[in-house]
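Start counting the sequence shown at 2; every next residue gets the next number (the working numbering). Where a beta carbon is used, it is the ideal one built from N, C-alpha and C, also for glycine. Before any comments, here is the structure.
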Amino acid sequence: MLQVKIEPLILVIFGASGDLAKRKLLPAIFDLYHQEYLPENFVVLGVSRTRWTDEQFRDDVFFHSEFMKLDEVPDEVKTSFGDRLFYQAIDTNSMEDYRMVKDRLDSLDTQFQTAGNAIFYLSTPPVLYDKIPEYLAHFDLNRKPGSYRRLVIEKPFGNDLASAKALNISLKKHFDEEQIYRIDHYLGKETVQNLLVTRFANGVFEPLWNRNYIHHVEITNAEEIGVGLRGGYYDTSGALRDMLQNHLMQVVAHVAMEPPISPSATSIRNEKTKLFESLRPIAETEVAKYTVRGQYMASRIRGETVKGYREEERVPADSKTETFVAVKFFIDNWRWSGVPFYARTGKRLPTRVTEVCITFNQPPHTLFRRQQEMFESANNQLVIRIQPDEGLLLRFGMKVPGEGFHVKNVGMDFHYSDLSENNVPEAYERLLLDCMKGDATLYAHGDSVEYSWEFVEPILDAWKNDATIPIYGYPSGSWGPEVADNMIEPGVLSWRNPCRRLTEDTTCCEL
Ligand code: BG6
2 MLQVKIEPLI
12 LVIFGASGDL
22 AKRKLLPAIF
32 DLYHQEYLPE
42 NFVVLGVSRT
52 RWTDEQFRDD
62 VFFHSEFMKL
72 DEVPDEVKTS
82 FGDRLFYQAI
92 DTNSMEDYRM
102 VKDRLDSLDT
112 QFQTAGNAIF
122 YLSTPPVLYD
132 KIPEYLAHFD
142 LNRKPGSYRR
152 LVIEKPFGND
162 LASAKALNIS
172 LKKHFDEEQI
182 YRIDHYLGKE
192 TVQNLLVTRF
202 ANGVFEPLWN
212 RNYIHHVEIT
222 NAEEIGVGLR
232 GGYYDTSGAL
242 RDMLQNHLMQ
252 VVAHVAMEPP
262 ISPSATSIRN
272 EKTKLFESLR
282 PIAETEVAKY
292 TVRGQYMASR
302 IRGETVKGYR
312 EEERVPADSK
322 TETFVAVKFF
332 IDNWRWSGVP
342 FYARTGKRLP
352 TRVTEVCITF
362 NQPPHTLFRR
372 QQEMFESANN
382 QLVIRIQPDE
392 GLLLRFGMKV
402 PGEGFHVKNV
412 GMDFHYSDLS
422 ENNVPEAYER
432 LLLDCMKGDA
442 TLYAHGDSVE
452 YSWEFVEPIL
462 DAWKNDATIP
472 IYGYPSGSWG
482 PEVADNMIEP
492 GVLSWRNPCR
502 RLTEDTTCCE
512 L
């Protein structure tokens with residue numbers, strides 16, 4: 002149940018006729034409304050270029066949206082939510098048009114008694130991230146004494162370090178850091194938050210969570226899908242910018258940060274910023290050694306032919322944009338000195354899965370190695386599954402019943418789905434609710450965004466400047482370029498290639 006009361010408010014969504022608003026935001030807002038998390042005095046004002054009326058907006062994003070699950074919703078709930086949706090068409094590039102936003106806000110505020118509180122959610126192309134805050138400020142919409150005004154922005158927060166810094170400077174001209182909520186939807190995932198509970202609420206794990214016991218850490222993010230219709234955007238981005246710089250680095254921060262002094266937004270964000278500051282930059286000359294990049298190629302998967310990346314719509318036939326990246330890196334601090342971290346992400350891999358796998362050191366002396374033929378490598382592992390089949394799996398060695406001491410790896414697992422009374426909430430629901438409460442814990446701080454760009458920048462530079470660094474083709478449906486398999490300890494330890502289901506068995510998703 003909700004512990005903090007949500008104050009009356011108007012949620013203004015820029016880019017309201019776009020894909021994200023329809024697919025993710027409105028369904029999340031409706032779920033919150035339906036579960037009675039939102040106050041009586043609550044309205045949504047959609048703003049976009051599309052020339053819609055309030056009714057057309059309501060129909061498109063709510064009553065007739067394929068993304069809304071309305072079948073079992075009572076009519077009165079649908080009607081009362083629909084009555085809270087309003088729309089204002091403007092030319093988002095024209096400062097003068099923001100007067101219409103102001104007038105609309107004022108009249109809705111009076112009509113619904115929303116106490117002057119407003120959240121401006123920028124679900125727009127990033128080129129508007131400079132303009133919208135400036136134009137809002139021009140009409141004094143960025144601040145209102147006695148009320149709150151907040152700005153939510155979606156990634157990408159810049160395209161490189163310089164543009165990320167420029168964006169932060171430009172946002173902070175009109176909004177204070179405390180008013181800015183940079184959304185990284187991975188932080189809204191229950192299982193990413195659970196990383197902190199796993200580490201800091203359990204006596205059994207935290208003592209082991211350091212260089213003395215941990216051999217290495219892997220973070221795998223795999224997607225089965227290709228770039229689909231997003232080729233135009235994706236080709237200017239690539240896997241490093243699209244997934245690793247933001248989502249995966251946030252996961253790294255949760256795995257590796259020091260214990261915060263309290264669960265407050267400031268303490269957690271401070272520890273994360275310190276962690277990002279401790280990432281050892283990869284020198285441009287070392288990029289070929291520490292990274293592998295790849296691009297998916299056409300292949301037949303389960304009897305179907307899938308296109309290669311260069312054949313996708315709006316992707317140039319000679320594109321060098323990576324759809325797979327694997328990086329080895331170190332964190333230069335007391336806890337992690339000498340422990341390698343490996344992170345990889347890719348499209349058109351065998352399955353959709355994201356997980357963290359902590360591999361522990363072997364015991365100092367292996368008593369049972371003489372039983373060679375039955376001895377499985379006894380590196381214990383803790384697997385933290387982010388999605389799907391969210392949960393934890395601990396892998397350890399067991400004696401095979403019978404004569405001698407034959408050792409076999411087994412798994413002990415917990416699945417969130419076993420908590421039948423608790424649904425794993427959608428990331429956007431959690432994040433929107435937090436923003437309404439004024440809790441920025443699960444939002445990215447401007448400083449950490451810059452540190453994370455600082456880390457990936459030399460990789461981007463080396464890939465751009467050094468033509469000798471290969472971009473490997475990999476067959477769609479494989480685990481990426483073969484060279485990436487040998488990054489950990491060639492012939493001894495490789496990545497855990499997980500299945501969709503969280504199990505000890507890693508062969509059930511093999512194609
Ligand atoms: C987005 C990326 O931020 O995250 C997409 O732009 C990617 O390319 C998506 O597919 C993955 O999110 P999730 O929650 O499905 O893992």
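Residue 199 carries a helical assignment under DSSP once its states are collapsed to helix, strand and coil.
Within its own chain, the residues whose Cβ lies closer than 8 Å to the Cβ of residue 19, once the five positions on either side in sequence are excluded, are 49, 124 and 125, listed in chain order. With a contact defined as Cβ atoms closer than 8 Å, residue 336 and residue 212 qualify at about 7 Å. A distance of 8 Å or more separates the beta carbons of residue 258 and residue 245. In this structure, the straight-line span from the alpha carbon of residue 190 to that of residue 387 is close to 8 Å.
Between the alpha carbons of residue 391 and residue 192 lies a distance of about 7 Å. DSSP places residue 31 in the helix class (H, G or I) of the three-state scheme. Taken from the Cβ of residue 414, every heavy atom of the ligand BG6 lies 7 Å or farther away.
Residue 28 places its beta carbon 8 Å or farther from that of residue 8. If you ignore the 5 residues before and after residue 96, its C-beta comes within less than 7 Å of the C-beta of 136 and 139, all in its own chain and listed in chain order. With distances taken between CA atoms, residue 300 lies nearest to 351 out of 68, 251, 53 and 351. Under the DSSP definition of a beta bridge, residue 393 partners with 385 and 415. Burial is judged here by how many other beta carbons sit within 10 angstroms of a residue's own beta carbon; residue 272 has at least 16 and is buried. Distances between the C-beta of residue 355 and the heavy atoms of the ligand BG6 include at least one below 7 Å. Residue 459: member of the alpha helix (DSSP H) spanning 447-466, first to last residue.
For residue 89, the three-state secondary structure derived from DSSP is strand. About 30 Å separates the CB atoms of residue 317 and residue 354; that is not less than 8 Å, and the two are not in contact.
Across the set 42, 324, 210 and 327, the C-alpha of 42 shows the shortest separation from the C-alpha of residue 115.
In the assembly as shown, residue 65 is an exposed residue. Its beta-carbon has fewer than 16 other beta-carbons within 10 Å. Here residue 359 has 215, 218, 382 and 383 as same chain residues with Cβ atoms under 7 Å from its own Cβ, once five neighbours each way along the sequence are excluded. In the displayed model, residue 49 falls within a strand according to three-state DSSP. The continuous beta strand (DSSP E) containing residue 153 extends over residues 150-155. Pairwise C-beta distances place the stretch 477-484 in contact with the stretch 283-297, as three or more of them are shorter than 8 Å. For residue 25, the Cβ stays outside the 7 Å cut-off from all heavy atoms of the ligand BG6. Per the coordinates, the alpha-carbon of residue 60 lies some 38 Å from the alpha-carbon of residue 502. Membership of residue 291 in the alpha helix (DSSP H) is indicated by the continuous run 288-291. Note on geometry: alpha-carbon atoms of residue 44 and residue 416 lie some 37 Å from one another. Non-local beta-carbon contacts of residue 284 in its own chain, meaning distances under 7 Å to residues more than five positions away in sequence, involve 459 in chain order. 8 Å or more divides the Cβ of residue 80 from the Cβ of residue 129. If you keep only unbroken alpha helix (DSSP H) runs of at least 4 residues inside the stretch 267-351, you get 288-291.
Counting along the chain, no beta strand (DSSP E) covers residue 487, and no H or E run does either.
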